[in-house]
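Visitor: Take this structure, written in structure tokens, and hold onto it; I'll ask about it next.
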Amino acid sequence: MGIKRFFLLLCCAAVLVLSGCGKTPLLPVAPTKYPVFADDLEYADLDRAIEQSLIYLRKRPGSSRITIAGRSYPVDHLIRSLLFFRNLVADHPSPGLLNQQISTCFDIYQASGTDGYNPQRKMLVTGYYQPVFEGSLTAGGAYRYPIYGIPETLVLRHTPGSGRKQIGRLEGGRFLDYWTRAEIENDGRAAGNELVYLKDPLDAFLLHVQGSGLIKLPDGSIRGIHYAMKNGRKYKSIGKYMVETGRMTLAEASIDSIRSYLAAHPQEIPEILHHNDSFIFFKWTTTHGAIGSLGRELTAGRSIAMDQSRFPAGALSFLSSRKPILDNGHIAGWTSFGRFVLVQDTGSAIRGSGRVDLFWGTGKEAGLAAGRMKEDGTLYFLLLKEQFLQPTLVKYDNPLI
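Just so we're on the same page, the working numbering is the position in the sequence shown counted from 1, plus 11.
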């Protein structure tokens with residue numbers, strides 16, 4: 012599953028723009044309509060991100076296939092696309108040359124975007140990050156809010172022939188839905204599986220939303236903690252709930268405003284947080300890096316979460332949108348950006364053809380930027396043309412020279 016950023020609980024607007032399942036997720040783009048591929052980041056981090064996708068894809072069975080614009084391709088085609096592209100950018104070509112190379116060597120497919128009238132195929136672009144929270148391995152004092160490991164009562168059932176997995180529990184020989192967030196927290200349904208205790212109930216909730224984080228223990232040591240399993244219940248946005256119940260307006264909804272509201276109305280915390288039935292169980296990790304749904308480390312600014320039932324996991328794409336300009340812990344303004352990114356994660360609220368969630372990194376500044384991302388954007392996928400597929404996965408000659 013990976014880091015489950017929901018669109019940072021603030022993106023209450025999602026109810027208006029989440030795309031449904033009826034759209035074709037990727038549509039071919041005519042060469043005359045290709046975007047300008049100009050990247051605002053360094054290529055070194057792009058190379059690291061590409062390598063993470065390659066490690067994942069190479070472990071998939073050779074018979075695995077992906078579907079793009081209604082056509083099936085072997086997973087090796089995706090691998091060769093990444094290798095070819097990595098070779099192109101290794102020489103740090105000028106923007107003009109890179110665009111010429113991409114136009115010559117790659118077919119481009121655009122994500123169809125949000126539902127409704129959307130001729131420009133706009134996506135809703137949000138952000139997520141890896142938080143750092145203070146925690147204790149034992150309860151006491153301010154440390155009162157547990158993060159749980161997987162309880163023994165949670166059962167994963169495979170449905171024969173369908174490939175579907177159901178999460179639930181067994182009771183009297185019957186397979187039932189697993190407990191809700193309220194039942195787990197109020198009735199101690201996961202008691203005995205506490206991994207760590209946090210100081211703030213919203214911090215614990217946000218760790219569920221992000222799906223992984225770093226825990227700073229009282230002795231100063233830092234441990235990584237990561238998604239292990241969920242309770243199978245549907246995710247519900249508390250930001251949307253607070254707007255619907257008149258606690259704030261859509262324009263006001265942000266992590267900071269939600270935190271301020273809960274601090275001023277502590278008696279409402281259980282009602283608001285328990286509106287979301289979804290619950291995440293965790294495990295300790297040996298790495299401090301955020302791990303995505305591919306089981307690989309995410310790269311800040313390069314990894315994105317998408318609905319992988321509609322978009323190919325590990326694939327290379329080009330994202331255009333707006334991003335906040337940070338200045339000493341504040342948003343000083345906004346600027347347009349474009350960059351190459353890779354599909355390396357999923358999220359409970361990242362569903363359909365119109366959603367993309369950009370990973371911003373670790374810590375407060377990453378959280379500030381991620382929490383403000385709620386922008387229009389476009390996303391284009393790159394797939395190597397068949398005439399440039401090579402029998403060996405080594406350095407390719409430049410086809411334009």
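Think of the CB as a built atom: it goes at the ideal place given N, C-alpha and C, for glycine as much as any other residue.
Being a predicted model, the structure only gives us computed values, none of them experimental.
(1) So what's MET253 in DSSP terms, helix, strand or just coil?
(2) What number of angstroms, rounded off, separates the C-alpha of GLY152 from the C-alpha of ARG175?
(3) Taking the runs of the beta strand (DSSP E) that are 3 residues or longer, which of them lie wholly in the stretch 259-342?
(4) Whole angstroms are fine: how far does the CA of GLU205 sit from the CA of THR35?
(5) Give me the Cα-Cα distance between GLY160 and TYR246, rounded to the nearest whole angstrom.
(6) Going along the chain, which unbroken runs of the alpha helix (DSSP H) with 4 or more residues stay wholly within the stretch 92-147?
(7) Going by DSSP, what residues sit across from ASP368 in a beta bridge?
(8) Can you tell me where the alpha helix (DSSP H) with GLU205 in it begins and where it stops?
(9) With 16 as the cutoff for other CB atoms within 10 Å, does GLY33 come out buried or exposed?
(10) Using 9 Å as the threshold, is the C-beta distance between ARG91 and GLN401 below it?
(11) Can you confirm whether the stretch 78-93 touches the stretch 385-400 when touching is taken to mean that 3 or more C-beta pairs between the two stretches lie within less than 8 Å?
(12) Looking only at C-alpha atoms, which of SER328, GLY378 and SER320 sits nearest to GLY358?
(13) So, using beta-carbon positions, are LEU337 and CYS116 closer together than 9 Å?
(14) I'd like to know whether the C-beta atoms of ARG59 and THR298 end up nearer to each other than 9 Å.
(15) From the DSSP secondary-structure annotation, give me the bridge partner or partners of ILE77.
(16) Which of helix, strand or coil does DSSP assign to TYR419?
(17) For the alpha helix (DSSP H) holding LYS70, just list the boundary residues, first then last.
Guide: Short version:
(1) Three-state result, MET253: helix.
(2) Their backbone Cα atoms lie some 43 Å apart in a straight line.
(3) Unbroken beta strand (DSSP E) stretches of 3 residues or longer found wholly inside the stretch 259-342: 291-296, 314-316 and 327-338, given in chain order.
(4) Spanning the alpha carbons of THR35 and GLU205 requires a straight line of approximately 43 Å.
(5) In a straight line, the C-alpha of GLY160 is about 19 Å away from that of TYR246.
(6) Fully enclosed alpha helix (DSSP H) runs of 4 or longer: 106-116.
(7) DSSP lists THR137 and ALA316 as the bridge partner or partners of ASP368.
(8) No alpha helix (DSSP H) holds GLU205; the beta strand (DSSP E) holding it covers 205-209.
(9) With a pLDDT of only 48 at GLY33, under the threshold of 50, the placement of this residue in the model should not be trusted; the figure read from the coordinates follows. Looking at its Cβ environment, which holds fewer than 16 other Cβ atoms inside 10 Å, GLY33 is exposed.
(10) It is a contact, given that the beta carbons lie within the stated cut-off.
(11) By the criterion of at least three beta-carbon pairs nearer than 8 Å, the stretch 385-400 is in contact with the stretch 78-93.
(12) Nearest of SER328, GLY378 and SER320 to GLY358, Cα basis: SER320.
(13) Going by C-beta atoms, LEU337 is not nearer than 9 Å to CYS116.
(14) Result no, Cβ atoms of ARG59 and THR298 do not sit closer than 9 Å.
(15) The secondary-structure analysis by DSSP pairs ILE77 across a beta bridge with TYR84.
(16) In the structure displayed, the chain extends from 12 to 412; residue 419 sits before or after that span and is not available.
(17) For LYS70, no alpha helix (DSSP H) run applies, since DSSP gives it neither H nor E.
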